[in-house]
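Novice: According to my numbering, the residues represented by the sequence shown are 3 to 217, in order. Heads up, the beta-carbon is just placed ideally off N, CA and C, and yes, glycines get one too. Note that the structure is a prediction, hence the values are computed from the model and not measured. Supplied in structure tokens, the structure appears directly below.
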Amino acid sequence: MRHRILPVTHYQQNCSLIWCENTNQAALIDPGGDVERLLAAVQEEGVELSKIILTHGHLDHVGGTAELVAKLGLPVEGPHKDDSFWLDMLPTQAQMMGVAPVASFTPNRWLNDGDTVTLGDQTLAVYHCPGHTPGHVILHHKATKKAFVGDVLFKGSIGRTDFPRGDYEQLVTAIRSKLWPLGDDVTFVPGHGPTSTFGEERASNPFVSDKRLKQ
């Protein structure tokens, strides 16, 4: 499986275009906006877009979803149903952030801990990691040791927990119980900013490093 990171909108949110090299089937993870740019990248890579995958319901991660569905009729998978209230609030989120109106929508499939998402011959494992939002999920591709973690974890930081139904302790627990067991050598794509590895964050992240949490 291959991937390309496409930062979108003024939030510079990392939308990921992923695809199966055997079948050319592709998906967009967290298409937060700039839809024409995303579709241009799909065309540049010569892949066939077959679905949208969402890690959580915040506008900067899902803002382009309804437009893509309207244009291409794509199915939407994720996030966990506990984020349904965020998707219902998309028009309000857009108004609060001062951006153009965004339509709410309901995914074709809610994702739960232990589910899998298929893309051509490839399979990604789903882990429910609440804390930033209650319905946040992350995706792990074991064969390439890659993870797409949305706003759960960043290089040197973790997701904010001051939004409605955010929970700091829940987020830290999710990182340590769901992400760390996947392996120190897993490279992750965060929702914003540069990639890192779980091992690097375990060693140096000021919020969730092993040293920090042993104190």
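Can you grab the Cα-Cα spacing for the pair residue 200 / residue 186, in whole Å?
Specialist: What you label residue 200 is simply residue 198 of the sequence shown in a count that begins at 1. What you label residue 186 is simply residue 184 of the sequence shown in a count that begins at 1. One C-alpha to the other measures close to 5 Å.
Novice: Just verifying my parser: in three-state terms, what is the DSSP assignment at residue 13?
Specialist: Stepping through the sequence shown from its first residue, residue 13 is reached at position 11. In this structure, residue 13 counts as coil in the three-state DSSP scheme.
Novice: Leaving out five residues before and five after residue 178 in sequence, what residues of the same chain have Cβ atoms less than 6 Å from its Cβ?
Specialist: As a first step, residue 178 is located in the sequence shown; it is residue number 176 there, counting from the start. No residues qualify anywhere along the chain.
Novice: In the DSSP output, which residue or residues are listed as bridge partners for residue 111?
Specialist: If you number the sequence shown from 1, residue 111 lands on position 109. Answer is 79.
Novice: Between the C-alpha atoms of residue 175 and residue 140, what's the straight-line distance to the nearest angstrom?
Specialist: Mapped onto the sequence shown, residue 175 falls at position 173. Mapped onto the sequence shown, residue 140 falls at position 138. Roughly 14 Å separates the two Cα atoms.
Novice: Give a yes or no on whether the C-beta atoms belonging to residue 17 and residue 51 are separated by under 8 Å.
Specialist: Translated into the one-based positions of the sequence shown, residue 17 becomes position 15. Translated into the one-based positions of the sequence shown, residue 51 becomes position 49. Not closer than 8 Å, so no.
Novice: Does DSSP put residue 106 in a helix, a strand or coil?
Specialist: Taking the sequence shown and counting its residues from 1, the one referred to as residue 106 is at position 104. In the structure shown, residue 106 sits in coil (DSSP, three-state: anything other than H, G, I, E or B).
Novice: Considering only their Cβ atoms, is the gap separating residue 144 from residue 127 smaller than 8 Å?
Specialist: The sequence position of residue 127 within the sequence shown is 125, counting from 1. The sequence position of residue 144 within the sequence shown is 142, counting from 1. Yes, Cβ-Cβ distance for residue 127 and residue 144 is below 8 Å.
Novice: Run the CB neighbour count on residue 84, radius 10 Å, all protein chains shown included, and call it buried at 16 or more, exposed below.
Specialist: Residue 84 sits at position 82 when you count from the first residue of the sequence shown. Buried.
Novice: Rounded to a whole number of angstroms, what is the C-alpha to C-alpha distance between residue 224 and residue 86?
Specialist: For the chain, the structure presents residues 3 to 217; residue 224 sits outside this window and is missing.
Novice: Going along the chain, which unbroken runs of the beta strand (DSSP E) with 3 or more residues stay wholly within the region 118-172?
Specialist: Correct list: 118-121, 124-130, 139-143, 148-152.
Novice: Taking only three categories from DSSP, how would you classify residue 194?
Specialist: On the sequence shown, position 192 is the one that residue 194 refers to. Strand, per DSSP.
Novice: Closest to residue 44 by CA distance: which of 27, 34, 55, 137 is it?
Specialist: Indexing the sequence shown from 1 puts residue 44 at position 42. Nearest C-alpha to residue 44: 27.
Novice: Mapping DSSP to helix, strand and coil, what is residue 30?
Specialist: For the purposes of this step, residue 30 is taken as the residue at position 28 of the sequence shown. If DSSP states are grouped into helix, strand and coil, residue 30 belongs with the strands.
Novice: Here's the rule I'm using: 16 or more other beta-carbon atoms within 10 Å means buried, otherwise exposed. How should residue 205 be labelled?
Specialist: Sequence index remark: in the sequence shown, residue 205 carries index 203 (1-based). When all chains shown are included, residue 205 counts as exposed.
Novice: Identify the residues that DSSP records as bridge partners of residue 4: which are they?
Specialist: Walking along the sequence shown from the start, residue 4 turns up at place 2. BP columns for residue 4 point to 21.
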